[in-house]
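Residue numbers (this note's numbering): 53 to 213.
Backbone N, C-alpha and C fix where the C-beta goes; we use that ideal spot for every residue, glycine too.
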Amino acid sequence: MKYLFSFLLMLGVMSCTTSQVSKYSAIEYEVGPCFGFCPTYKITIDSNRNAILEAEHFNFSEGGSKDDLNKPREGTFKATLSPEDYKKLVEATDAANIETLDESYIDKRIMDASKVNLRVTFSDGTKKDIAMSAGEKPQKLTDLATLIDGIKKNQKWEKVK
């Protein structure tokens with residue numbers, strides 16, 4: 053009986069630890085400049101919920117001017133996502149069905165919008181890169197992009213350089 057109890061306990065512990073393994077080892081989201089004052093940044097989130105934000109311009113203030121482009125980049129920041137935020141990110145990435153999406157959703161008719169690059173690295177080491185701009189793309193991909201931008205805004209970033 054004690055062996056059966058020990059076996060069940062070990063099985064329970066193993067199932068708890070394996071359920072926390074993410075199928076994504078990293079999610080990178082990079083937003084390039086536009087012909088205005090759009091935030092320019094790259095955020096990388098790993099499976100341990102660690103986030104690195106490489107902020108160029110217009111990430112921490114509203115509005116802006118052309119003079120702001122001559123200022124140095126805003127810096128590199130780090131944060132740890134809450135388990136809830138990371139769970140939402142994984143769920144939105146799953147819902148977008150990244151593996152099946154096209155590699156480009158660039159609308160060449162819209163020239164003044166930021167170009168965005170999404171790179172999802174799976175736990176097996178494979179990667180999926182998706183380029184996007186304003187214009188038509190699957191709604192679940194738009195939802196994921198909106199979520200990542202929201203995550204960028206709601207973290208307590210600590211400047212590292």
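**Asked** When we look at the beta-carbon of P91 and count the other beta-carbons within 10 Å, is it buried (16 or more) or exposed?
**Response** With 16 or more Cβ atoms within 10 Å of its Cβ, P91 is classed as buried.
Among S74, A107 and Q191, whose alpha-carbon lies nearest the alpha-carbon of V212? Looking at the Cα atoms, A107 is the closest of the given residues.
Check your understanding: Run through DSSP, which three-state label would E82 get?
Key -> Correct three-state label for E82: strand.
- Task: Kindly indicate the opening and closing residues of the alpha helix (DSSP H) around N169.
- Result: Looking at the DSSP string, N169 is not in any alpha helix (DSSP H); the run it does join, the beta strand (DSSP E), is V168 to F174.
Quick one: what's got a C-beta closer than 8 Å to A197's C-beta in the same chain, skipping five residues either side? The residues are Y81, V168, L170 and M184.
inquiry  = Mapping the DSSP letters down to three states, classify G116 as helix, strand or coil.
reply    = Assignment of G116 by DSSP, reduced to helix, strand and coil, places it in the coil class.
So, does the region 98-106 touch the region 123-134, judging by three or more C-beta pairs under 8 Å? Yes, they touch.
Item checked: Per DSSP, cross-strand counterpart(s) of K130 -> According to DSSP, which records beta bridges pairwise, K130 is partnered with I104 and E210.
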